[in-house]
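Residue numbers (UniProt numbering): 1 to 446.
And the structure:
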């Protein structure tokens, strides 16, 4: 069996203008020599042949590739070589890192996950692990390469397919349960992801979705910019799938004992949990916080904590927005803060007050409360979870807000575990929906 495809005629390949920047070239700190000049049709490690470009980032480019070794093995097992399922099973994702990019943490977490038996936990397969890794010598140095199972779009890309850039309720619920299963497995085995977000969760692709990409590239080659020392290819926009989600990107993950405490500065931007923002010890409950922020990001209109001032993340504004939605932090939280950190925002009594100010549009008039003194200049926004939630009504809204309140706690020990959230009313609502559909289907068949 051969999966070779003829190369397209150069005259058929759309050429991009040299005087414009595309893809990874658009990054402010882009340096061409740091990226390996991958070519379509190139074979890496005598095994992985590049089919199409899937994406790029500040630290790598990502390519759909075919595992030629696995292709030969499958051919010996299955004689129907035209079967698309065979072709799908030989497709992988090849991540080619820039010079100096260290992927040792991703590899360590992958080895840890793979060390557990498949039947140990239903969430084991909800994390993407490496299939292979190797190094390739480029024109300017050595690049680390990682091989992963081929998957589809990120949750962020799935969300952006919709006209209002928001998932509907059933689709959100459909994704949450397997994500929580995966997170529960990670936490029970001592892994804290630290970067759960819609960009780091991929949705499995339909069986024929990726397999058809090779033929698409042959018949309709992707546009490219041909330079003297490299070719900049445009990435394919993957078709949308609504299959199971998979947690990815363990480059910033921590591996230790279950429940272990850390104190490093982690988590991205507006996703930071209060204990991280305050410079306290943290544990796996920061991932639960991220789930709550991600739910809002996927379902509601805008970020839960848009804590940016003049284009920069602002801790003071972030705390003010948390107080608006969660109420004042308890004494236990403030007692854990360093004195230097605490006195920037709260008086010595560790309490706060709302300043009497009026800012058009953003804030309404705020009056003094009985909680002491919030001494920072930033006023507390006049908003609640109820005022921010604009899509649901009645029981549905009650369930969603109940879930958010469980998660949005100042003290990490007050937040539920991933396992605790399995049976949350909002998440279990989808399970009940599926059960009703199955029962209805059986009734029609009977």
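The beta-carbon is built from N, C-alpha and C at its ideal position, and this holds for glycine as well.
Computed from a prediction, not measured in an experiment: that's the story for all the values here.
**Request:** Report buried or exposed for residue 318, applying the criterion of at least 16 other Cβ atoms within 10 angstroms of its Cβ.
**Result:** Position 318 of the chain shown, counted from the start, is the residue given in the question as residue 318. Classification of residue 318: buried, given that the 10 Å Cβ count is 16 or more.
**Message:** Quick check: what's the CA-CA separation for residue 214 versus residue 60?
**Reply:** Counted from its first residue, the chain shown places residue 214 at position 214. Counted from its first residue, the chain shown places residue 60 at position 60. Rounded to whole angstroms, residue 214 to residue 60 spans 22 Å at the Cα level.
**Message:** Going by DSSP in three states, residue 221 sits in which element: helix, strand or coil?
**Reply:** If you number the chain shown from 1, residue 221 lands on position 221. In this structure, residue 221 counts as coil in the three-state DSSP scheme.
**Message:** Quick check: what's the CA-CA separation for residue 285 versus residue 322?
**Reply:** For the purposes of this step, residue 285 is taken as the residue at position 285 of the chain shown. For the purposes of this step, residue 322 is taken as the residue at position 322 of the chain shown. Between residue 285 and residue 322, the C-alpha separation is close to 17 Å.
**Message:** So, with DSSP's three-state summary, where would you put residue 266?
**Reply:** Here residue 266 is taken as the residue at index 266 of the chain shown, counted from 1. Coil.
**Request:** Any chance you could list the alpha helix (DSSP H) runs of at least 4 consecutive residues sitting entirely within the stretch 275 to 320, in chain order?
**Result:** 285 to 299
**Prompt:** When the Cβ atoms of the stretch 219 to 235 are set against those of the stretch 154 to 168, are three or more pairs found closer than 8 Å?
**Reply:** no
**Prompt:** Using 8 Å as the threshold, is the stretch 289 to 296 in touch with the stretch 178 to 198, meaning 3 or more CB pairs across them?
**Reply:** yes
**Request:** Output yes or no for whether 7 Å exceeds the beta carbon distance between residue 185 and residue 124.
**Result:** What you label residue 185 is simply residue 185 of the chain shown in a count that begins at 1. What you label residue 124 is simply residue 124 of the chain shown in a count that begins at 1. In contact: residue 185 and residue 124 (Cβ atoms closer than 7 Å).
**Three-state secondary structure assigned by DSSP to residue 434** = Here the question's residue 434 lines up with position 434 in the chain shown. Reduced to three states, the DSSP call for residue 434 is helix.
**Item:** Cβ contact check for the stretch 119 to 137 and the stretch 206 to 213: 3 or more pairs under 8 Å
**Value:** no
**Prompt:** Any heavy atom of the ligand PLP closer than 6 Å to the Cβ of residue 194?
**Reply:** The ligand PLP is not among the ligands present in this structure, which contains no ligands whatsoever.
**Prompt:** Taking Cβ to Cβ, would you say residue 345 is nearer than 7 Å to residue 307?
**Reply:** Your numbering for residue 345 matches position 345 in the chain shown. Your numbering for residue 307 matches position 307 in the chain shown. No, Cβ-Cβ distance for residue 345 and residue 307 is not below 7 Å.
**Prompt:** Does DSSP put residue 216 in a helix, in a strand, or in coil?
**Reply:** The sequence position of residue 216 within the chain shown is 216, counting from 1. Helix.
**Asked** In terms of residue numbering, what span does the alpha helix (DSSP H) encompassing residue 115 cover?
**Response** Locating residue 115 in the chain shown gives position 115, where the first residue counts as 1. No alpha helix (DSSP H) holds residue 115; DSSP gives it neither H nor E.
**Asked** Grouping DSSP H, G and I as helix and E and B as strand, with all else coil, what is residue 125?
**Response** For this step, residue 125 is matched to residue 125 along the chain shown. Helix at residue 125.
**Item:** Own chain partners of residue 25 with C-beta closer than 7 Å, once the 5 adjacent residues on each side are dropped
**Value:** Within the chain shown, the letter at position 25 stands for residue 25. Counting only Cβ-Cβ distances below 7 Å, and skipping sequence neighbours, we find 232.
**Asked** Exposed or buried, which one is residue 116 when buried takes at least 16 other CB atoms within 10 Å?
**Response** To locate residue 116, count along the chain shown from 1; it is residue 116. Under this definition residue 116 is an exposed residue.
**Request:** List the whole-angstrom C-beta distance separating residue 411 from residue 332, where the pair is believed to meet the contact cut-off of C-beta under 8 Å.
**Result:** Here residue 411 is taken as the residue at index 411 of the chain shown, counted from 1. Here residue 332 is taken as the residue at index 332 of the chain shown, counted from 1. With a Cβ gap of about 6 Å, residue 411 and residue 332 count as contacting.
**Item:** Nearest-angstrom Cα separation, counted from residue 278 out to residue 342
**Value:** Residue numbering aside, residue 342 sits at position 342 when the chain shown is read from its first letter. Residue numbering aside, residue 278 sits at position 278 when the chain shown is read from its first letter. Distance between the alpha carbons of residue 342 and residue 278 is about 8 Å.
**Asked** Does the beta-carbon of residue 173 have 16 or more other beta-carbons within 10 angstroms, so that it is buried, or is it exposed?
**Response** Translated into the one-based positions of the chain shown, residue 173 becomes position 173. Per the 10 Å Cβ criterion, buried.
**Request:** Answer yes or no: do residue 135 and residue 36 have a C-beta to C-beta separation smaller than 7 Å?
**Result:** Locating residue 135 in the chain shown gives position 135, counting from the first residue. Locating residue 36 in the chain shown gives position 36, counting from the first residue. Cβ atoms of residue 135 and residue 36: not closer than 7 Å.
**Prompt:** Would you call residue 89 buried or exposed, if buried means 16 or more other Cβ atoms sit within 10 Å of its Cβ?
**Reply:** The residue given as residue 89 occupies position 89 in the chain shown. Burial call: buried.
**Request:** Excluding the 5 residues preceding and the 5 following residue 364 in the sequence, name in chain order all residues of the same chain whose CB lies nearer than 6 Å to its CB.
**Result:** Within the chain shown, the letter at position 364 stands for residue 364. Summary for residue 364: the model assigns pLDDT 41, below 50, so the residue's position carries little reliability; its value from the coordinates is reported in the next sentence. The answer, listed in chain order, is 382.
**Item:** Validate contact between the stretch 248 to 258 and the stretch 105 to 115 using beta carbons, cut 8 Å, 3 pairs
**Value:** yes
**Request:** Could you tell me which residues DSSP puts in a beta bridge with residue 203?
**Result:** Within the chain shown, residue 203 is the residue found at index 203, counting from 1. 245, per the DSSP bridge assignment.
**Request:** Express the C-alpha separation of residue 68 and residue 429 in angstroms, rounding to a whole number.
**Result:** Here residue 429 refers to the residue found at position 429 of the chain shown. Here residue 68 refers to the residue found at position 68 of the chain shown. Between residue 429 and residue 68, the C-alpha separation is close to 44 Å.
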